[in-house]
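Report on one structure; see the data block that follows.
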Ligand code: GDP
Ligand code: GDP
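In our numbering, the protein residues as written are 1 to 462.
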């Protein structure tokens, strides 16, 4: 992420299946990339922060992009490797001790050496001291700075960190162009919240594994959340994963209370909240409480009905979706402005549609209702359904306007100021009625609509 511009960068390079993902996970210290048994299916590029060595550095995994049987580097892989060489300070070449030297290893070694950047050779899959002899095979590659490791079992980590630290440039020595005055755009913060086991982590993993993901994991500002930066095109998203906090005493109520507190903190930090609801249990009381928190915090939101794969019918899918949406809307009326996405974190179905919905909310956040239109529509609303009498008096509207969004944050909710005879005369029911009329004109998907009243005496108008 751009907020760490001085951090030295280490790129992991190697042919498929040598254990790059496993090593990446080991360095970054948390499973965010799933290790696949099939070669070539790891995500394209992934980056994370390693704080386990003497000095922190960021790690890039160039991912597996070659097919299994290939013995030569394709042009695409060559490009990926060249890019890794360009952006990093240290190159970490991973080889598979159990497979021995392959023609691709030789070609990669040659390519890396040409860059004149420091290289560390990690000879992986030395799961046992008796495998150490296998390393001799790689002496011919000619790298001095070598570590024998087992990424899967964590052997040789200390040696590897030593080898990396040995060649890591000092942070201050890392090139940072002086003219870099442009502030990096702040990523949109997205809190992924929901009950324990609803699938929050799975969803984030599913997003992160999609193609072209560039991911880095930062320690959360609090210990109960992990921030994951995800780049799609030229836009960055910061996912606040409130998971990792659950499943201690399984379903005890203290766990639930705890998770609400944590959700609250994540919601506060977020620009957008994604509420994950387990479709097999439907909207529960706990979901409603979390939704209430989102609403109270005036945050943009999207609801994901997860685990669709478990309830998806073989036939009549469309009908099932319609019924499901109706049922959810009925039960989750408190978040009625949130778009609902039916998805499966497990199969990945519809997961990428989340970004389409986010874009929709982003567009809504910059949509305004002109003052003329607003006043006409509210006037008509008052005429069609006059406000009730409250202790012998009735709410009177003089004038309304949409504020220009004073809040300096992404996705500010649209806010309407009504100048009235007495703000206390606006009851909740009537407020909801007015909100509905405003949404008739502009639906503002995913955004709460704020209506505030300010007093203005009739005399002052004259
Ligand atoms: P990548 O394609 O280079 O990213 O490789 P992966 O990290 O996906 O690992 C490929 C396979 O090697 C997986 O089946 C891993 O479980 C396995 N693997 C990774 N590291 C080790 C290790 O240290 N020892 C052994 N025995 N297997 C490993
Ligand atoms: P979290 O506690 O909300 O982070 O939930 P996890 O992501 O850890 O998921 C809880 C359990 O639900 C795990 O066993 C997941 O494999 C499973 N799960 C998550 N998403 C799906 C899904 O879309 N379909 C199915 N069938 N299982 C899922």
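Yeah, the Cβ is synthetic: ideal placement off N, Cα and C, and Gly gets one too. Note that the structure is predicted; figures quoted are calculated from it, not measured.
Any contact between the region 110-121 and the region 48-56? By contact I mean 3 or more CB pairs, one from each, below 8 Å. no
Taking the alpha carbon of residue 208 as the point to measure from, which residue in 261, 131, 354 has its own alpha carbon closest? 354
Which value, in whole angstroms, describes the spacing of the CA atoms of residue 313 and residue 286? 27 Å
Taking DSSP's pairing of strands, which residues face residue 165 in a bridge? Beta-bridge pairing links residue 165 to no other residue.
With a cut-off of 8 Å, does the C-beta of residue 417 fall near any C-beta of chain D? In the structure shown, chain D cannot be found, because there is only a single protein chain.
I'd like to know whether the C-beta atoms of residue 111 and residue 10 end up nearer to each other than 8 Å. no
Beta-carbon contacts of residue 109 that lie in its chain and below 6 Å, excluding the five residues immediately before and after: 141
If you draw a straight line from the alpha carbon of residue 383 to that of residue 357, how long is it in whole angstroms? 35 Å
Using three-state DSSP, classify residue 430 as helix, strand or coil. helix
Which word fits residue 201, buried or exposed, when buried means at least 16 other C-beta atoms lie within 10 angstroms of its C-beta? buried
What are the partner residues of residue 394, as DSSP defines its beta bridges? 389
Is the beta carbon of residue 240 within less than 7 Å of some heavy atom of ligand 2? no
Alpha carbon to alpha carbon, how far is residue 81 from residue 349? 31 Å
Range covered by the alpha helix (DSSP H) that runs through residue 354: 353-365
8 Å contact criterion, which residue 203 and residue 276 should meet: CB distance rounded: 6 Å
Grab me the residues of residue 159's own chain with a C-beta within less than 8 Å of its C-beta, minus the 5 sequence neighbours each way, in chain order. 147, 148, 149
I'd like to know whether the C-beta atoms of residue 61 and residue 12 end up nearer to each other than 8 Å. yes
Does the distance between the C-beta of residue 309 and the nearest non-hydrogen atom of ligand 2 fall short of 7 Å? yes
Considering only the beta carbon of each residue, do residue 156 and residue 126 sit closer than 8 Å? yes
Measuring CA to CA, which of 308, 161, 154 is closest to residue 58? 161
Would the C-beta of residue 306 count as close to ligand 2, meaning under 7 Å from any of its heavy atoms? yes
Anticipated Cβ contact below 8 Å, residue 266 with residue 338, distance rounded: That belief does not hold up - the Cβ atoms of residue 266 and residue 338 are roughly 16 Å apart, past 8 Å.
Straight-line gap, residue 268 to residue 297 (C-alpha atoms, nearest Å): 7 Å
Residue 143 by DSSP, collapsed to three states: which one? coil
Taking the beta carbon of residue 455 as the centre, do at least 16 other beta carbons fall within 10 Å, making it buried, or is it exposed? exposed
Look at the alpha carbon of residue 315 and the alpha carbon of residue 387, and state the distance between them as a whole number of angstroms. 48 Å
Name the two residues that bound the continuous beta strand (DSSP E) containing residue 236. 235-241
N-terminal and C-terminal residue of the beta strand (DSSP E) that residue 12 is part of: 9-13
Whole-angstrom Cβ separation of residue 398 and residue 420, contact assumed at under 8 Å? 7 Å
Tell me whether residue 291 counts as near ligand 2, meaning its Cβ is closer than 7 Å to at least one heavy atom of that ligand. no
For residue 230 and residue 238, what's the separation of their Cα atoms in angstroms? 6 Å
Check for me: the alpha helix (DSSP H) holding residue 463 runs from which residue to which? Not covered by the structure: residue 463. The range shown for the chain is 1 to 462.
Find out if the Cβ-Cβ distance for the pair residue 145, residue 166 is shorter than 8 Å. yes
Which residues share a DSSP beta bridge with residue 57? 50
Tell me, which residues are paired with residue 489 by DSSP? The question about residue 489 has no answer here: the residues shown for the chain are numbered 1 through 462.
Residue 18 beta carbon near ligand 1 (any heavy atom closer than 7 Å): yes
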